[in-house]
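>
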Amino acid sequence: MTRTARWLLLVVLLAACGVEASPEGPAPTDPPPASEPAATSTVATTSPSATSDPTTTTTTPAAFPVIVATSAGDVEVPARPVAIVSLSPTATEMLFAVGAGDQVVAADSFSNFPPEAPTTDLAAITPNIEAILAFNPDLVVASFDPGDLVSGLAAAGVPVIIQDAAVVLDDVYVQMEQLGLATGNPEPADDAIAEIRSRIDRAVASVPDLDQPLTYYHELDSSFFTATSQTFIGEIYGLLGLENIADAADADGTAFGFPQLSEEFIIEADPDLIFLADTICCGQTSETVASRPGWESLTAVVEGQVIELDDDIASRWGPRIVDYLEIVAAAVAEAAG
Amino acid sequence: MTSHPSRLPARWVVTASALVAIAAAVGVMVGPASLTVGNIIGAVGDRWLGIEATVPLTPAQDAILWDIRLPRVVLGMIVGGGLAVSGAAYQGVFRNPLADPFLLGVAAGAGLGATIGIVFGLDRALLPLLAFVGAVAGVSAAYLLGFSLRTGRSAGALLLAGVAVAAFLTAVQTYLQQLNSDALRDVYSWILGRLSTTGWREVVLVLPYVAIGIAVLLASRRWLDVLALGDEEASALGLDVGKTRTVVIAAATLVTAASVAVSGLIAFVGIIVPHILRLLVGTSYRRLIPLSILGGGAFLALADVLARSIQQPAELPIGVVTAFIGAPFFALVLRTSGRQP
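Respectively, the protein sequence lines represent chains A and B. Just so you know, numbering that gives the first Met the number 0 puts 224 at position 225 of the first sequence, and the rest follows in order with no gaps. Just so you know, numbering that gives the first Met the number 0 puts 141 at position 142 of the second sequence, and the rest follows in order with no gaps.
As structure tokens, then:
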């Protein structure tokens, strides 16, 4: 039951992030065969010293093996990974943010950011273990285990880090720390986290205090699925003092924070701000919203406060969450002022 | 039922019409938005009878009532009536109590059409057209396949052809959906069915097809009674069995395809409504066809009230409501009805 629930949640989260693999991404020539020899040669010099003689680890980068504590249990990474396979668009963004980008040899088909990410046709939702092993990975990162991913890769001696969808903002930092540690980049990871934190603080401080909080509706698709304050994305809005119109729709959490709203309820709630996280998946824009029957007199439509978001940024919990927060903060400041 | 065993008694028509009126009233009155009964009566009087309302609606309430709630109730009635009458017709044509309107590949074809639209990111406004084309193509394929079999246009051959076509189309649909797992939720929510409206657009879209199909089914209700005797007996009585079957299937398919195109696959309406009616008024199609239209409309409009009220302001997929009521009821029908439907 919980697995089904989690799977559905994942589907919900991923539903919006499917743009095709960016054509300007890595040329098909540079995946594994080309990059691997180069990578192994650089590490061949460092990793034996690290593993054979851990006592000499005075310099931080070589402190392998490491034990990474994840929500799915401890994972041992025996040596600095040089052939990482990422099966999660969020993890791909995090790996590049913590300075492990050049250690990533393959990312799943939805991993379209950053542009230099080595996007492949690997499936994230229905991963095939043989296809993953074809990249000779020494670390695999995924956002969920459909059943046999961890055990199958363990049989092949490949450590797997599972990073569930973030529930609170701190999960983002924790996951970035885990990836920093696991890839031998703990300090760049700390720096990246510190920068995100300070940008978030600044964005939060930039929002004026209001007696009456502004209300919002976050649209996940054109059939009015949304996210409540109990979700990760809801927490982000909460940081900026916004009030979610959808909270009553899933007070007991049976929809896992992602209820489908009645259209008439949205009209009556008349949110101050409408955030469209379905611009890519479902082609929604402020114009299409304004042309929906019954929507033309909504405050958000009349006041021009329908904000078009990038589905991908809005559905991931990676380092770009701060970009998202800044967009929302700017919209709030404009609506309030 | 003391007089003529198959003529449609006026009291049944009156009862069913009253049920439709009640369903319409409940459908318009009940919903997550806080419109009071007084508000609504006032607004309806204002707009339709020219009596100025004492408390006029706010613009938002006005939009909710006229642009969202009322079109949805009307669409529910058209789709419900359409699915129920097609179900009754299919059951008659195939002499099979388990036949439902999705039997001959309508569902699989419509599902494939909609999935193609979603997966390739086509304009949402095209989705009904794609689903409609898919549904009609599915049934046509089943029909041609069944017709090409040596047994000719017998009910059994058609049914088997429908099974084959549906399985094939479903396989293609699932394949496309797996290739594009990001579209999974969209496809899934389409398949569960919902009465979502964009103002009156959907109503205008389906009404002509449903009206034509229903008119043909009403006109052929007598032939369905003859067909119920069996192919040979019907032929002996002078009925062109093959031709009748073709006409009825074509009409029922038109109605189903149009309904499915705007509302997705709403389960069980086409089975339980005709079966409830069989228990109440007997098995004559001269009664079942007209009463299924009215009963199906009332049933789906009321089911939709539940779909948008149970967890308000969240919605339940309407297919969940119809199946949740439909499945236990179906079991009950099977237990209590001793006769061959």
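Don't be surprised by glycine CBs; every beta carbon is placed ideally from N, CA and C. Note that the structure is a prediction, hence the values are computed from the model and not measured.
Would you identify the three-state DSSP class for E295(A), choosing helix, strand or coil?
Correct three-state label for E295(A): coil.
> Apart from the five residues on each side of it in sequence, which residues of its chain come closer than 6 angstroms, Cβ to Cβ, to D269(A)?
Hits under 6 angstroms: L297 and T298.
> Mind checking who T245(B) pairs with in its DSSP beta bridge?
Answer is none; T245(B) lacks a bridge partner.
> Run through chain A and tell me which residues come within less than 8 angstroms of V177(B), C-beta to C-beta.
A quick correction: the sequence has Gln, not Val, at residue 177(B). Going along chain A in sequence order, the residues near Q177(B) (Cβ under 8 angstroms) are T125.
> Comparing C-alpha positions only, which one of I117(B), G81(B), A9(B) and G30(B) sits nearest to F267(B)?
Here the closest residue by C-alpha is G81(B).
> Using alpha carbons as the reference points, say which of A154(B), G26(B) and I309(B) lies closest to A247(A).
The option with the nearest alpha carbon to A247(A) is I309(B).
> Tell me H217(A)'s beta-bridge partners as DSSP assigns them.
H217(A) is bridged to F274(A).
> Compare the C-beta of A299(A) with all C-beta atoms of chain B and state if any pair is closer than 8 angstroms.
It does not: the Cβ of A299(A) has no partner Cβ on chain B nearer than 8 angstroms.
> From V319(B) to N95(B), what does the alpha carbon distance come to, in whole angstroms?
The straight-line gap from Cα to Cα measures roughly 24 angstroms.
> Could you please give me the residues that DSSP links to V393(A) through a beta bridge?
Since the first residue shown for chain A is 0 and the last is 336, residue 393(A) is missing from the structure and cannot be characterised.
> Just to confirm my understanding: we take G41(B), look at its own chain, exclude 5 residues before and 5 after, and list those with CB closer than 7 angstroms. What are they?
Correct list, in chain order: A52, T53 and V54.
> Apply the 10 Å Cβ neighbour rule to D169(A) and answer buried if 16 or more other Cβ atoms are within range, or exposed otherwise.
Exposed.
> Short of 9 angstroms Cβ to Cβ, which residues in the stretch 12-25 of chain B face chain A?
Against chain A - using a Cβ distance shorter than 9 angstroms - the stretch 12-25 of chain B contributes no residues.
> At the level of alpha carbons, what is the spacing between V337(A) and A123(A)?
Residue 337(A) lies beyond the residue range present for chain A, which begins at 0 and ends at 336; the question has no answer from this structure.
> Which stretch, first to last residue, makes up the beta strand (DSSP E) that contains V54(B)?
V54(B) -> no beta strand (DSSP E), and no H or E assigned at all.
> Would you report the Cα separation of V167(A) and L143(B), rounded to the nearest angstrom?
Whole-angstrom Cα-Cα distance: 57 angstroms.
> Considering only the beta carbon of each residue, do S139(B) and V254(B) sit closer than 8 angstroms?
No, these two residues do not count as a Cβ contact at 8 angstroms.
> Between V186(B) and T114(B), which are expected to be in contact by the criterion C-beta below 8 angstroms, what is the C-beta distance as a whole number of angstroms?
Right, the Cβ-Cβ distance comes to about 5 angstroms (below 8 angstroms), so this counts as a contact.
> What's the gap between the Cα of R196(A) and the Cα of V206(A)?
About 16 angstroms.
> What are the start and end residues of each continuous beta strand (DSSP E) run of 3 or more residues lying completely inside the stretch 71-105 of chain A, in chain order?
Counting only runs of 3 or more, we get 72-76 and 83-85.
> Can you pull the DSSP bridge partners for V304(B)?
BP columns for V304(B) are empty, so no partner.
> Let me check one thing: in DSSP terms, what residues is N243(A) bridge-paired to?
DSSP, once it has assigned bridges, lists Y215(A) as partnering N243(A).
> Expressed to the nearest angstrom, what Euclidean distance is found between the alpha-carbon atoms of D137(A) and A165(B)?
Straight-line Cα distance between these residues: approximately 45 angstroms.
> What would DSSP say about E307(A), mapped onto helix, strand or coil?
Looking at E307(A) - three-state DSSP - the assignment turns out to be strand.
> Taking only beta carbons into account, state which residues of the stretch 261-282 of chain B come closer than 7 angstroms to chain A, listed in chain order.
Against chain A - using a Cβ distance shorter than 7 angstroms - the stretch 261-282 of chain B contributes no residues.
> Measure the alpha-carbon distance for E23(A) versus I199(A) and round it to whole angstroms.
Caution is warranted here: a pLDDT of 41 is assigned to E23(A), below 50, making its placement in the model unreliable, and the coordinate value is therefore given only provisionally. Distance between the alpha carbons of E23(A) and I199(A): 30 angstroms.
> Output needed for R285(B): all residues of its chain with C-beta closer than 8 angstroms, excluding positions within five of it in sequence on either side, in chain order.
Result list for R285(B): S5, R6, L7, R220, R221 and D224, in chain order.
> Pull the bridge partners of F146(B) from the DSSP assignment, please.
Bridge partners of F146(B): none, in fact.
> With distances taken from CA atoms, which of L48(B), L69(B), G30(B) and L276(B) is nearest R200(B)?
Measuring from the Cα of R200(B), the nearest candidate turns out to be L69(B).
> Could you give the C-beta distance for V97(A) and P158(A), rounded to a whole number, given that I count them as a contact under 8 angstroms?
Not really, about 17 angstroms apart at Cβ, beyond 8 angstroms.
> Can you check the stretch 180-238 of chain A for any beta strand (DSSP E) of at least 3 residues that lies completely inside it and give the ranges in chain order?
List check, beta strand (DSSP E) in window: 214-218.
> Any beta carbon from chain B within less than 8 angstroms of I312(A)'s own beta carbon?
So, not an interface residue.
> Given Q311(B), which residues of its chain have a CB within under 7 angstroms of its CB, disregarding the five upstream and five downstream residues?
Excluding positions up to five away in sequence, the list reads P31.
> Of the choices E194(A), G237(A) and A193(A), whose alpha-carbon is the least far from that of T346(A)?
Since the first residue of chain A shown is 0 and the last is 336, residue 346(A) is not available in this structure.
> Terminal residues of the continuous alpha helix (DSSP H) containing T173(B)?
Unbroken alpha helix (DSSP H) run through T173(B): A154 to L178.
> Do you know offhand how far A62(B)'s Cα is from V280(B)'s?
Roughly 41 angstroms separates the two Cα atoms.
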